[in-house]
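Engineer: Taking our numbering, I'd label the letters of the sequence shown as residues -18 to 73. Even for Gly, the Cβ is constructed at its ideal location relative to N, Cα and C. Can you read through this structure? Questions will come right after.
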Amino acid sequence: MRRTPDHPNLLVHAHPLIEHKLGILRDVGTPPPTFRRVLGEIAGLMTYESLRDLPTRTREVMTPIKACSTVELAAPVTIVPILRAGLGMTDG
-18 MRRTPDHPNL LVHAHPLIEH KLGILRDVGT PPPTFRRVLG EIAGLMTYES LRDLPTRTRE
42 VMTPIKACST VELAAPVTIV PILRAGLGMT DG
């Protein structure tokens, strides 16, 4: 994943698995159910990478054995798709 110099808020995902799945989406022979499934898989991979630097905080939780320190997101995440093309990615 890299940022572009002209657009610092734009993340470019150059991952072999994402590129492979993009090839499936681009193939005119990909059936619609497969297209939707693969689109969701790409969205999940992109979300994972894009949220890598989110701020977190620690909190104490009780496990069945003892108290334990864990990590949680410092603030809620909001997903705002760009209509229409982005709607298919909201499930990922």
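Going by beta-carbon coordinates alone, are Leu54 and Thr37 separated by less than 8 Å?
Structural biologist: yes
Engineer: Would DSSP call Arg33 helix, strand or coil?
Structural biologist: Secondary structure at Arg33: coil, using DSSP grouped into helix, strand and coil.
Engineer: Determine the closest residue to Thr28 out of Glu41, Leu(-8), Gly4 and Phe16, with distance taken between C-alpha atoms.
Structural biologist: Relative to the Cα of Thr28, the nearest Cα in the group Glu41, Leu(-8), Gly4 and Phe16 belongs to Leu(-8).
Engineer: Can you check whether the CB of Thr51 is closer than 8 Å to the CB of Arg40?
Structural biologist: yes
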